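Shown next, in structure tokens, is the structure this report addresses.
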Amino acid sequence: MSSRSLGIVGLPNVGKSTLFTALTNRAVGAENYPFCTIDPTIGVVPVPDERLQKLYDFSDSADMQPAAFEFVDIAGLVAGAHEGEGLGNQFLAAIREVDAIAHMVRIFADKSVTHVHGDIDPLKDIEVINQELIQKDIATIERRLEQLNGQARTGETDARELRDFLADIKEALTDGRLISELNIPNQEKE
Numbered sequence: 000m001s002s003r004s005l006g007i008v009g010l011p012n013v014g015k016s017t018l019f020t021a022l023t024n025r026a027v028g029a030e031n032y033p034f035c036t037i038d039p040t041i042g043v044v045p046v047p048d049e050r051l052q053k054l055y056d057f058s059d060s061a062d063m064q065p066a067a068f069e070f071v072d073i074a075g076l077v078a079g080a081h082e083g084e085g086l087g088n089q090f091l092a093a094i095r096e097v098d099a100i101a102h103m104v105r106i107f108a109d110k111s112v113t114h115v116h117g118d119i120d121p122l123k124d125i126e127v128i129n130q131e132l133i134q135k136d137i138a139t140i141e142r143r144l145e146q147l148n149g150q151a152r153t154g155e156t157d158a159r160e161l162r163d164f165l166a167d168i169k170e171a172l173t174d175g176r177l178i179s180e181l182n183i184p185n186q187e188k189e
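Residue numbering for the sequence shown follows numbering that gives the first Met the number 0, starting at 0 and increasing by one per position.
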């Protein structure tokens, strides 16, 4: 079975676990306090495909292996997560394990559901999460650049090329741009 994974990220109490439950039909805790979710929760959903069913009906195969999509309910991030605030590094590490992320943002007003910042401001919330992701990416790139600098000094061409590429990415991140906003050629993405 092939699968792709999608991490659901956002601030605490924005509806991540509620969305996860709706997508996976798997009940998880969704409470009115930050960090109700601590460990990532995974739900795997088969992808419906009429073509696969027709092939299965036509063949003598013993079982059918549909493609699947893995949803990951990741605990809420807070400002300073890249420095360990909240459960920071644990959550940021979980994000690295998924193929894509869906950023859940609260736009609903409900006095019975607390907001980590006290007021509902979707643009501010998006910026908080984006900055945490950027800061974590910068830290990861800086560690890799340290390794590559040593290799590049020994004359390794590949190390120099990767070092220069990562230095450009770091510069863009430092300017506040997300990696997804950059025009990176496919060969460089790999």
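Note that CB positions come from ideal geometry on N, CA and C, so glycine has one too.
Small disclaimer: the values here were computed from a predicted structure and weren't measured.
- Between the stretch 65–74 and the stretch 43–56, the count of C-beta pairs closer than 8 angstroms reaches three or more; the two stretches touch.
- Residue range 67–72 is occupied by the beta strand (DSSP E) that includes Phe70, with no alpha helix (DSSP H) assigned at that position.
- Counting the other Cβ atoms within 10 Å of the Cβ of Ala92 gives fewer than 16, which makes it exposed.
- Taking Arg25 as the centre and dropping the five residues before and after it, the same chain places the C-beta of Phe19, Thr40, Gly42 closer than 8 angstroms to its C-beta, in chain order.
- Under the 8 angstroms Cβ criterion, the stretch 129–146 counts as touching the stretch 157–177, having at least three qualifying pairs.
- Assigned with DSSP and collapsed to three states, Gly149 falls in helix.
- Between the alpha carbons of Ile168 and Gln146 lies a distance of about 16 angstroms.
- Contact between Arg105 and Gly14 holds: CB atoms are separated by about 7 angstroms, below the 8 angstroms threshold.
- Thr40: member of the beta strand (DSSP E) spanning 40–45, first to last residue.
- The three-state secondary structure of Ala158, taken from DSSP, is helix.
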